Amino acid sequence: MNILSKNSIRAITGVAALLCLLWLAGLGWAVGEYYDGTSENISKPSVSEQKADQKKGLTVVALGDSLTRGTGDETGKGYVGVLVDEIKEKTKKSVQLTNLGINGQRSDQLRNQIQEEEIGRQIQKADVVLVTIGGNDLFRGGQGLIDFQAEDITAIEKKYLDNLNFIFTEIRKHNQTANVFFVGLYNPFIELNQGKEMSKVVRKWNYDSAEVSAVFPKIVFVPTFDLFELKVNDYLYSDKFHPNQKGYRLIAERVAALMTW
Amino acid sequence: MHKLIQNEMLKLIAKKRLIVIAIIIGVLVMLFTYAQYKQIQTQREKLGTSDWRTILQQQIVDTTNRLSSSRISDEWKKQLQISLQQQQYYLEHDINPSEPGAPTFMRIFLENSIDLFIPLMVMVIASDLVSSEHSLGTVKLLLTRPVKRWKILLSKYITLCLAVSLIIAIAGILSYGISGLVFGYKGWGAPILTGFSVTDTGLNTSEVRLLSLWKFLLMDFGLVWFVAIVVGTLSFMLSVLIRSTAAGMGVMLAALISGAILNNMVSSWKSAKFFFMVNLRLTDYMKGNAPPIEGMTLSFSLLTLLVWWAAALMVSFMVFTKRDVY
Chain A
3 MNILSKNSIR AITGVAALLC LLWLAGLGWA VGEYYDGTSE NISKPSVSEQ
53 KADQKKGLTV VALGDSLTRG TGDETGKGYV GVLVDEIKEK TKKSVQLTNL
103 GINGQRSDQL RNQIQEEEIG RQIQKADVVL VTIGGNDLFR GGQGLIDFQA
153 EDITAIEKKY LDNLNFIFTE IRKHNQTANV FFVGLYNPFI ELNQGKEMSK
203 VVRKWNYDSA EVSAVFPKIV FVPTFDLFEL KVNDYLYSDK FHPNQKGYRL
253 IAERVAALMT W
Chain B
37 MHKLIQNEML KLIAKKRLIV IAIIIGVLVM LFTYAQYKQI QTQREKLGTS
87 DWRTILQQQI VDTTNRLSSS RISDEWKKQL QISLQQQQYY LEHDINPSEP
137 GAPTFMRIFL ENSIDLFIPL MVMVIASDLV SSEHSLGTVK LLLTRPVKRW
187 KILLSKYITL CLAVSLIIAI AGILSYGISG LVFGYKGWGA PILTGFSVTD
237 TGLNTSEVRL LSLWKFLLMD FGLVWFVAIV VGTLSFMLSV LIRSTAAGMG
287 VMLAALISGA ILNNMVSSWK SAKFFFMVNL RLTDYMKGNA PPIEGMTLSF
337 SLLTLLVWWA AALMVSFMVF TKRDVY
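Quick mapping for you: the protein sequence lines, in order, are chains A and B. First residue of the first sequence? That's 3 in my numbering, and the numbers climb one at a time after it. First residue of the second sequence? That's 37 in my numbering, and the numbers climb one at a time after it.
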């Protein structure tokens, strides 16, 4: 049949006219829905279906602040990335990494984050949980350098330890079997004027954090203070606060040494 | 009148423009399908999972980190915050914002082609409907018939509307058919959220509703169609005003592209919201994305477009019926 015959032209015109009406109806509906819509009931996939998430390899969940994120590492990996590479190499298994670190996160923010349902589900799936937190509580972007001797540092520490305790409790609530590695604090300001006094505070925080970790089964406190004690500037990024690639490698190697599988 | 429309339709189909448009859309959809497929694959490799909740959670954390950067502009920050709240809402309500399947691909395709691609396709037809009669010299033959001039123009305009409806349908059918080969043809009933509204304080979720995807799609189609009609009418007007098809197309193209650019930088120039080209992204309102300029709503954009449409139509008819043809 010739496409230019009278009948086919008429048919095309008719179809086009119908489509025109259909789209017009869609437009009218969109406006109506936008201003006065009602929700409909749609059956969502049942919970049991979601749980059937087949697992292969290892699952690593990383929580915490910019250290978890890898800020300062030119390759963007951070200690978590380096560590995961190392696990892959050693175990020859695939590793699923979920990095939930948020730059500048403090312990009270992590406390909120960890209460989210999806975060809980992620922790539940994990074989290894990595945590870095506290650096921003203590140093507060350099502010901590000025007023670390003040009385309120004790109050801040008390709050931090309380949050830490809560965070660990939540992790254990979701997952009783995973190994948890809690990476301790180092002193990036060690070579500054008041570095010695600052170090004292960092050591105290580390000691108290280790005490909190020890209460829970399979939560391992990983010290990093000594790694950055000598020649700190070789291992720091240009912001003189975050580790650089070398610094992250040091942390990753230390955590890797503690891991068992 | 009826005969006139038939005649115009015949000209349109004889020119084979619709087929060219269908081929262009088909090729692009293939490209997009492949790109999307690749993107999903790399994402899966990177995260080691295809669980959408994990992927979404990771996106949320990534967005949060971008927000903490001091180098991003305030407007961008606000947009990020809104999308962040939206993602969080989806996650909390356990709804996959991009359920895999051809219908979702179709939705994303429509949302991304509403302000440039579909208008462009419409332009291919609209911009020479009248001016080609001038350049071919057939306009004299047409006007010497014992038919009123406005009737001739109206039949041309109705043909344009019909062609636009066909183009939208072609875009829908091709994007569904081609992407379905890769993503599967299911997913019409998947839930999607609508009713997010953007306020000064951020995202308002009190009015959020669940819809099945097919309903949402029909609405999207309606909005895309409306935009296409408005853009088509504007290029139709230019086709009446300017005898050179190329010049008319150039003007329209410049307007459309400037709209895409303006969208990213007009937030401090409030009166720019009366331009038709910054109002083209109607589907964003359904999705709850932040509008380019504060205070823009669906009804505002629709009304603005309607005014432009009416003005263009009036000018076209006035000029065409009054102008001397020689």
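Cβ atoms here follow ideal geometry from the backbone N, Cα and C, with glycine treated the same way. Note that the coordinates shown come from a computational prediction; the quantities given were computed from them, not determined experimentally.
Item	Value
Buried or exposed for A/E51, please, with buried defined as at least 16 other CB atoms from any protein chain shown within 10 angstroms of its CB.	Legend: pLDDT at A/E51 = 44, less than 50; position of this residue unreliable, value from coordinates given subsequently. Exposed is the call here.
Within the same chain, show all residues whose beta-carbon is closer than 7 Å to that of A/A254, passing over the 5 residues directly before and after it, in chain order.	Y81, V84, L85, E88
So, using beta-carbon positions, are B/F310 and B/G295 closer together than 8 Å?	no
Let me check one thing: in DSSP terms, what residues is B/G324 bridge-paired to?	According to DSSP, which records beta bridges pairwise, B/G324 is partnered with nothing at all.
Helix, strand or coil: how does DSSP classify A/S1 here?	Only positions 3 to 263 of chain A appear in the structure, and residue 1 of chain A is not among them; the question remains open.
For B/K358, which of B/Y125, B/Q122, B/R185, B/F68 has the nearest alpha-carbon?	B/R185
Using 10 angstroms around the beta-carbon of A/L194, count the other beta-carbons present and answer buried if the total reaches 16, otherwise exposed.	exposed
Give the DSSP bridge partners of A/Q66, in chain order.	The sequence given here places Gly at residue 66 of chain A; Gln does not occur at that position. Answer is A/T134.
Rounded to the nearest angstrom, what separates A/N2 and B/S86 at their Cα positions?	A question about residue 2 of chain A goes unanswered here, because the residues of chain A that appear run from 3 up to 263.
Can you give me the start and stop residues for the beta strand (DSSP E) that A/I221 sits inside?	221–224
What residues in the stretch 82–115 of chain A have a beta carbon less than 8 Å from any beta carbon of chain B?	S96, V97, Q98, L99, T100, N101, L102, G103, I104, N105, G106
Would you mind working out which of A/W207, A/V130, A/R251, A/E120 sits nearest B/T90, comparing C-alpha positions?	A/E120
Tell me the DSSP bridge mates of B/S248?	B/P227
Return the CA-CA distance between B/L172 and B/L259, expressed in angstroms with no decimal places.	35 Å
Of all Cβ atoms in chain A, is any one closer than 8 Å to the Cβ of B/V287?	no
What residues match up with B/G238 in a beta bridge as DSSP calls it?	B/T235
Quick one: does A/A32 have its CB under 8 Å from some CB of chain B?	yes
Can you give me the start and stop residues for the alpha helix (DSSP H) that A/N2 sits inside?	The question about residue 2 of chain A has no answer here: the residues shown for chain A are numbered 3 through 263.
Determine the contact status of B/I150 and B/V63, defining contact as a CB-CB distance below 8 Å.	no
Which class does B/P155 belong to by DSSP, given the choice of helix, strand or coil?	helix
Quick one: which chain B residues come within Cβ less than 9 Å of A/R12?	Q42, M45
Relative to the alpha-carbon of B/N132, which residue among B/Q93, B/T269, B/V56, B/R80 has its alpha-carbon at the smallest distance?	B/Q93
Out of A/Q117, A/Q124, A/G122, A/I169, point me to the one whose CA is closest to A/V133's CA.	A/I169
Nearest-angstrom Cα distance between A/R256 and A/P225?	9 Å
Report the residue from B/W344, B/Y321, B/L341, B/L177 whose alpha carbon sits nearest the alpha carbon of B/T333.	B/Y321
What residues of chain A sit near B/G258, judged by a beta carbon separation below 8 Å?	W25, L26, A27, G28, L29, G30, W31, A32
Using the three-state DSSP reduction, which class does B/T180 fall into: helix, strand or coil?	coil
Between A/T100, A/S96, A/N138, which has its C-alpha nearest A/Q126's C-alpha?	A/T100
I need the straight-line Cα distance from B/Q192 to B/Q72, nearest angstrom please.	Reading off the sequence, residue 192 of chain B comes out as Lys, not Gln. Straight-line Cα distance between these residues: approximately 39 Å.
Mind checking which residues open and close the alpha helix (DSSP H) that includes A/N105?	First-last for A/N105: undefined, no H or E at that position.
Listed in chain order, which residues of the stretch 65–86 of chain B have Cβ atoms closer than 8 Å to some Cβ of chain A?	L83, G84, T85
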